[in-house]
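First comes the structure, then the notes that go with it.
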Amino acid sequence: MNDLIDSLNEHQQQAVTAPHAHHLILAGAGSGKTRVLVHRIAWLMQEQAIAPYAVLAVTFTNKAAGEMKERVSHLVGRPVEGWWVGTFHAIGARILRANAEAVGLSPQFTILDADDQVRLIKQLIDVHEIDEKRLPPRSISGIIQRWKDRGFLPEKVPTSEAGQGDGKVLDLYKDYQQRLSTLNAADFGDLLLLCLKLFQEQPEVLKNYQRRFRYIMVDEYQDTNVAQYLWLRLLAQQYRNI
Numbered sequence: 001m002n003d004l005i006d007s008l009n010e011h012q013q014q015a016v017t018a019p020h021a022h023h024l025i026l027a028g029a030g031s032g033k034t035r036v037l038v039h040r041i042a043w044l045m046q047e048q049a050i051a052p053y054a055v056l057a058v059t060f061t062n063k064a065a066g067e068m069k070e071r072v073s074h075l076v077g078r079p080v081e082g083w084w085v086g087t088f089h090a091i092g093a094r095i096l097r098a099n100a101e102a103v104g105l106s107p108q109f110t111i112l113d114a115d116d117q118v119r120l121i122k123q124l125i126d127v128h129e130i131d132e133k134r135l136p137p138r139s140i141s142g143i144i145q146r147w148k149d150r151g152f153l154p155e156k157v158p159t160s161e162a163g164q165g166d167g168k169v170l171d172l173y174k175d176y177q178q179r180l181s182t183l184n185a186a187d188f189g190d191l192l193l194l195c196l197k198l199f200q201e202q203p204e205v206l207k208n209y210q211r212r213f214r215y216i217m218v219d220e221y222q223d224t225n226v227a228q229y230l231w232l233r234l235l236a237q238q239y240r241n242i
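Each residue of the sequence shown is one higher than the one before, starting from 1 at the first, in our numbering.
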């Protein structure tokens, strides 16, 4: 244990060894928040005998996730491949591929990038008689992604926002989702949005992941959007330990 915490300051040590419960760590940039997370993961495994697969650790960028994996691997002295450490979207994609049929996809579904999304929206614009000069494809893509970031499938978009583009954007969103399903594809927003749909419609699947993840850790928690927050809240309900 001393090897894990001797290099930490007093406040970092308190965070790493905190009792099992909800905790929010507040500290300025460069003060070691990520360091606390990786040391806590190692402390749980080495001092609390917690299995690696009982820990979910998420962050926002591939670079940050790679650094987290490397640092955890260094502390525990073994590879972390296959552990639940990664970006929100990577973990969401992993969950979806294991349960793809439940949301109308196959496990080999394609993940569209931003340019792919815009190209698909361009194909639908003429069908919905949308003026590209008034509502360019990238603007429509932005509206759809903001709805997804807030956890809104087409049928959940609030009435106060459904009238954008004379209601044509919402209609296009519905067709866009249907086209994605036909193509066996998902965009980045879907990687969490469809997880929420999965968890809400398949309670046994949710329970399985709730039981699996006894310890949930989030780097840069202040940057979570609504969909990410809802995703985390659902997963944390079993042990209330995030």
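We treat Cβ as the ideally placed atom computed from N, Cα and C, and that holds for glycine.
> Looking only at C-alpha atoms, which of T17, C195 and V127 sits nearest to E101?
Replying inline: C195
> On the three-state DSSP scale, how would you describe L105?
Replying inline: coil
>> When you compare the CB positions of V76 and A29, do they come within less than 7 Å of one another, or not?
In response: no
> On the premise that F88 lies in contact with V58, defined as a C-beta separation below 8 Å, what is that separation, rounded to the nearest angstrom?
Replying inline: 5 Å
> Hey, N99 and D149: beta-carbon distance below 7 Å or not?
Replying inline: no
>> What would DSSP say about L120, mapped onto helix, strand or coil?
In response: helix
>> Please report the distance separating the alpha-carbon of E47 from that of R119.
In response: 51 Å
> What's the call for G86, buried or exposed, on a 16-neighbour Cβ count within 10 Å?
Replying inline: buried
>> For a test of the three-state rule: what should DSSP assign to I25, helix, strand or coil?
In response: coil
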